[in-house]
Amino acid sequence: MVQYLCSFFFDEKVHLNSLYWRQGEVTTDFWTLDKINGERMPEVPLFVLTSDRTFSAAEEFSYNMQTQKRATLVGQTTGGGANPGQMVRLNKELGVFIPTGRAINPITKTNWEGVGVIPEVKVSPEETLDKAHELAREAAEEFRSKRNAEFKLALQKLFKSLNSYAGKTSDAEIEKRIKHSQKLGLLAENEINGLGYEYLMREKKPEVAEIIFKTNTKLYPTSANVYDSYGEALAMNGKLEASVKSYQKAVELAVKNEHGNLELFRENLAKVKKQLSGSQE
-19 MVQYLCSFFF
-9 DEKVHLNSLY
1 WRQGEVTTDF
11 WTLDKINGER
21 MPEVPLFVLT
31 SDRTFSAAEE
41 FSYNMQTQKR
51 ATLVGQTTGG
61 GANPGQMVRL
71 NKELGVFIPT
81 GRAINPITKT
91 NWEGVGVIPE
101 VKVSPEETLD
111 KAHELAREAA
121 EEFRSKRNAE
131 FKLALQKLFK
141 SLNSYAGKTS
151 DAEIEKRIKH
161 SQKLGLLAEN
171 EINGLGYEYL
181 MREKKPEVAE
191 IIFKTNTKLY
201 PTSANVYDSY
211 GEALAMNGKL
221 EASVKSYQKA
231 VELAVKNEHG
241 NLELFRENLA
251 KVKKQLSGSQ
261 E
């Protein structure tokens, strides 16, 4: 569970912790997971509340986030249980917990056994929640301001690349800007498609539209709709053979995914095939 929770707060492979087992002298490494059931939040400010009752797995999560400099801990020093083990019965009335392994953090090369995880912001139990909320609110405002500035700059660079199109030498720049905007969450499939039609129909720049639609096929390769739109731009640019291939891909994907516009895609394919046939006569 610790490994799973930590994975939500990183967008790259991160070595979180290791467990050394006395029996067999085996060490097991724990890394962030490649797949999670949800959205990753690698840049969102994170604050973890701790107390002297925070123990074991909860301590590992806190320690992992702290040592990776991914979170700020607020509260009190934790209980100090890092090493796994088991209860050994000495007799009918007496048992003792004996560690059978040792946690090894990849950064500190040690763990929190017996000493606990010490928060960066030490406050009393009564102050912990209010202090964490105060810090989180300040961090959120700063994060939002930086994000909005990043969004604005990304869109400025995107439209600059679109409006200063100079042939094939601009293709890579446009693709890079679209992909960056998509990664930031500014553009999704439908927005990119809409942008393509903006340049295809209103701006009368089919060459620009073509690279927009082409980029969309790279970002969403299982979407029938993006291949249909790409085929339309290719046809307008006189690239009929490439247009046929794109429309065929749209039809194949529409059949596979039971797309509602399958018949429309077939009609578009038939039209460009007829156009191609006429041009070859």
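Residue numbers for the sequence shown follow my numbering, so the first one is -19 and each next one is one higher.
Where a beta carbon is used, it is the ideal one built from N, C-alpha and C, also for glycine.
The model shown is predicted, which means the values in this text are computed figures rather than measured ones.
### Query
Which one or two residues does DSSP pair with Pro79 in a beta bridge?
Gly65
### Message
Please classify Arg2 as buried or exposed, where buried requires at least 16 other C-beta atoms within 10 Å of its C-beta.
### Response
exposed
#### Entry: Cut-off 8 Å between Cβ atoms - residues of its own chain near Asn248, not counting five sequence neighbours on either side
Asp208, Gly211, Glu212, Tyr227 and Ala230
### Query
So the beta strand (DSSP E) His(-5) belongs to, where does it begin and stop?
His(-5) to Trp1
### Task
Indicate whether Val206 and Thr197 have their beta-carbon atoms separated by less than 7 Å.
yes
### Query
For Asn265 versus Glu93, is the C-beta spacing smaller than 7 Å?
The first residue shown for the chain is -19 and the last is 261, placing residue 265 beyond what the model contains.
### Task
Could you give the DSSP three-state label for Asp151: helix, strand or coil?
helix
### Task
Starting from the C-beta of Gln46, find all residues in its chain whose C-beta is less than 7 Å away, skip the five residues before and the five after it, and write them out in chain order.
Leu53 and Val97
### Query
Since Thr8 sits in a beta bridge, which residues does DSSP pair it with?
Leu(-1)
### Query
What residue from Leu29, Thr12, Ala51 and Ala37 has the CA that sits closest to Glu23's CA?
Ala51
### Task
Could you tell me which residues DSSP pairs with Val54 in its beta bridges?
Leu29 and Val101
### Query
Leaving out the 5 sequence neighbours to the left and right, which residues in its chain are closer than 8 Å to Ile16 when beta-carbon positions are compared?
Tyr(-16), Ser(-13) and Phe(-12)
### Query
Which two residues bound the contiguous alpha helix (DSSP H) that contains Gln(-17)?
Val(-18) to Ser(-13)
### Task
Taking 8 Å as the threshold, find out whether the segment 75 to 86 comes into contact with the segment 114 to 121 through three or more Cβ pairs.
no
### Task
Measure the alpha-carbon distance for Glu190 versus Ala168 and round it to whole angstroms.
17 Å
### Query
Which residues mark the beginning and the end of the alpha helix (DSSP H) in which Arg124 is found?
Thr108 to Asn143
### Task
With a 10 Å radius around its C-beta and 16 neighbouring C-beta atoms as the bar for buried, classify Leu164 as buried or exposed.
exposed
### Query
Skipping 5 residues on each side, what residues in its chain have a beta carbon closer than 8 Å to that of Tyr177?
Ala189 and Ser209
### Message
Suppose you measure from the CA of Phe10 to the CA of Gln66; what does that come to, to the nearest Å?
### Response
21 Å
### Message
Below 8 Å on the Cβ atoms is my contact criterion, and I expect Gln56 with Ser31 to pass it. Report the Cβ-Cβ distance as a whole number of Å.
### Response
5 Å
### Task
Compare the Cα-Cα distances from Thr(-19) to each of Leu(-4), Pro99 and Lys159 and report the closest residue.
Residue identity differs from the one stated: residue -19 is Met in this sequence, not Thr. Of the candidates Leu(-4), Pro99 and Lys159, the one whose C-alpha sits nearest the C-alpha of Met(-19) is Leu(-4).
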